[in-house]
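These notes are about the structure you will find just below.
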Amino acid sequence: MLKGTPFKNKGVIITGGGTGLGQSLCLKFASYGASVYTFGRTESTLEETKQRVNAINGNLEYKAIDIRNFDAVNEFIDETFRKIEIIGLVNNAAGNFISRTEDLSMNAFKSVIDIVLMGSINTSVQVSRRWMERKIRGSVVNILTSYADTGSAFVTPSAAAKGGLRAFTRSVAVEWGPKGIRTNGVAPGPFKTQGAWKNLIPDDSYEKILKEKNPMRRLGTTDDISELVSYLISDYSSFINGEIITIDGGEWIQGAGQFNMLSQIDDNMWDMIRKNRVKKE
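Numbering (our numbering), first residue to last: 1 to 281.
Structure, rendered in structure tokens:
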């Protein structure tokens, strides 16, 4: 957790700030003193975020914009740079759904890729250009997913888009680093938000499965992720660049070891294994 108000008199742009993780990010940065600027498609949810930020005496401005409308997004970015020194960008806007790949139309693929990949590339380029022009040292954090590296069945458009954004993150980290711009990614595992659960989780039983297969025996929270993102935007992480930080309670490495699932067996089975081992010693 950061201390005090490290972002006082500084601005941060957060995409998709109306619900879930986006709203949590807005609240977190506002609590650390940042002037927060966010946009998303639904004005009512953005207004809810603003009211919650107001309740903690924070400062937030928003505009209802679809991230795929590049002209409107670029105008919004221009407006924010005229108001305050922007030092951070968090690309959080997302789109996802569960489906068999063969059941999807090309429009379904295009929709997710345009939001997640092209939308994030556009904001990154537009904000970074302005930093370069003004010689501002800035930080970009792209919200990825733990399956951006491995891919994942039944969420193919998201896996493709997040995988592309992962490559973009590392590419521009090298290219823009000499200009004082850091670019990192945060790759969450499963964490519960109303939007994600509605679109992705078939029923309540699957939540239990997700918890049981996680070494921490719980799901992540939006606050877990928001704290990490705020650290990466801050000067406390000034030498971290081009990193993809997985935040999943160890789920990713749990699946990598062929014997990791032995954590599921009971004490009686361990007694049998021990006795068998002792015989061979």
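No residue lacks a Cβ here, since even glycine has one placed at the ideal position from N, Cα and C. In this text the structure is predicted, and so the values were computed from the model without any measurement.
With DSSP as the reference, identify every bridge partner of residue i, one or two as the case may be.
i      : result
Leu60  : Val36
Thr246 : Ala187
Arg286 : As shown, the chain starts at 1 and ends at 281. That puts residue 286 outside it, with no answer to give.
Gly20  : According to DSSP, which records beta bridges pairwise, Gly20 is partnered with nothing at all.
Ile13  : Tyr37, Leu89
Gly220 : Phe191
Who are the Cβ neighbours of residue i in its own chain at under 7 Å, not counting the five residues just before and after it?
i      : result
Phe168 : Ile121
Lys3   : none
Trp176 : Ser128, Thr183
Ile225 : Leu21, Val186, Pro188, Phe191, Ile247
Trp131 : Gly138, Ile181
Glu47  : none
Lys275 : none
Thr45  : Gly18, Thr19
Arg170 : Gly242
Asp223 : Ser24
Shortest alpha-carbon distance to residue i belongs to which of the options?
i      : options                        : result
Ile13  : Thr19, Leu21, Cys26            : Cys26
Asp66  : Ile84, Ile56, Ala94, Val90     : Ala94
Phe33  : Arg218, Glu207, Phe7, Ile225   : The displayed chain sequence assigns Gly, not Phe, to residue 33. Nearest option by C-alpha distance: Phe7.
Thr5   : Ile245, Ile247, Met269, Tyr236 : Tyr236
Phe81  : Glu133, Ile113, Asp149         : Glu133
Gly164 : Asp71, Phe29, Glu251, Met118   : Met118
Ile86  : Gln51, Phe29, Phe97, Met106    : Phe29
Asn74  : Gln51, Ser124, Asn96           : Ser124
Val229 : Lys208, Thr183, Phe76          : Thr183
Lys83  : Val36, Phe70, Ile113, Glu47    : Val36
Ile244 : Met106, Glu212, Leu144         : Leu144
Arg166 : Ser44, Ala72, Thr150           : Thr150
Glu61  : Phe97, Asn268, Ala160, Ile77   : Ile77
Ser24  : Glu212, Arg170, Val90          : Val90
Arg218 : Ile240, Arg68, Gly250, Arg52   : Gly250
Ile253 : Val53, Met216, Thr222          : Met216
Ser289 : Ala160, Lys211, Gly255         : No answer is possible for residue 289: it lies beyond the span of the chain, which begins at 1 and ends at 281.
Gly302 : Val174, Gln126, Phe154         : No information on residue 302 is available, as it lies outside the stretch 1 to 281 that the chain covers here.
Leu210 : Tyr231, Gly255, Phe239         : Gly255
Pro178 : Met106, Trp270, Ser238         : Ser238
Pull up the CB-CB distance for residue i and residue j, whole angstroms please, since I reckon it's below 8 Å.
i      : j      : result
Val141 : Ile233 : 6 Å
Tyr108 : Ser146 : Looking at the sequence shown, residue 108 is not Tyr but Ala. No, Ala108 and Ser146 are not in contact; Cβ-Cβ is about 22 Å, not under 8 Å.
Val116 : Ser158 : 7 Å
Thr193 : Gly18  : In fact, because the Cβ distance is near 12 Å, the residues do not count as touching under 8 Å.
Ile98  : Phe154 : 5 Å
Glu207 : Met1   : The pair is not a contact, with the Cβ atoms about 27 Å apart (cut-off 8 Å).
Please confirm if residue i has its CB atom under 8 Å from at least one CB of chain D.
i      : result
Ile209 : Chain labels in this structure do not include chain D; a single protein chain is all it has.
Looking only at its own chain, which residues have a Cβ that is under 8 Å from the Cβ of residue i, when we skip the five neighbours before and after it?
i      : result
Ser31  : Ile56, Gly58
Gly22  : Ile14, Thr15, Gly16, Thr38, Gly40, Thr49, Asn92, Ala93
Lys280 : Because Lys280 carries a pLDDT of 48, less than 50, the predicted location of this residue cannot be relied on, and no value is offered for it.
Asn268 : none
Ala148 : Ala159, Lys162, Gly163, Leu165, Arg166, Gly185, Ala187, Ile244
Lys10  : Gly33, Ala34, Ser35, Ile84, Glu85, Ile86, Ile87, Gly88
Asn54  : Leu60
Ile240 : Arg182, Asn184, Leu232
Excluding five sequence neighbours on each side, which residues of the same chain lie with their C-beta closer than 6 Å to the C-beta of residue i?
i      : result
Thr156 : Thr101
Gly88  : Val12, Ser139, Ile233
Arg137 : Gly180
Glu43  : Ala64
Lys213 : none
> What residue ranges within the stretch 45-92 form continuous beta strand (DSSP E) runs of no fewer than 3 residues, ordered along the chain?
Replying inline: Within the stretch 45-92, the complete beta strand (DSSP E) runs of at least 3 residues are 59-64, 86-91.
> Which ranges does the alpha helix (DSSP H) cover as unbroken runs of at least 4 residues, wholly within the stretch 103-158, from first to last along the chain?
Replying inline: Qualifying alpha helix (DSSP H) stretches, in chain order: 106-113, 119-134.
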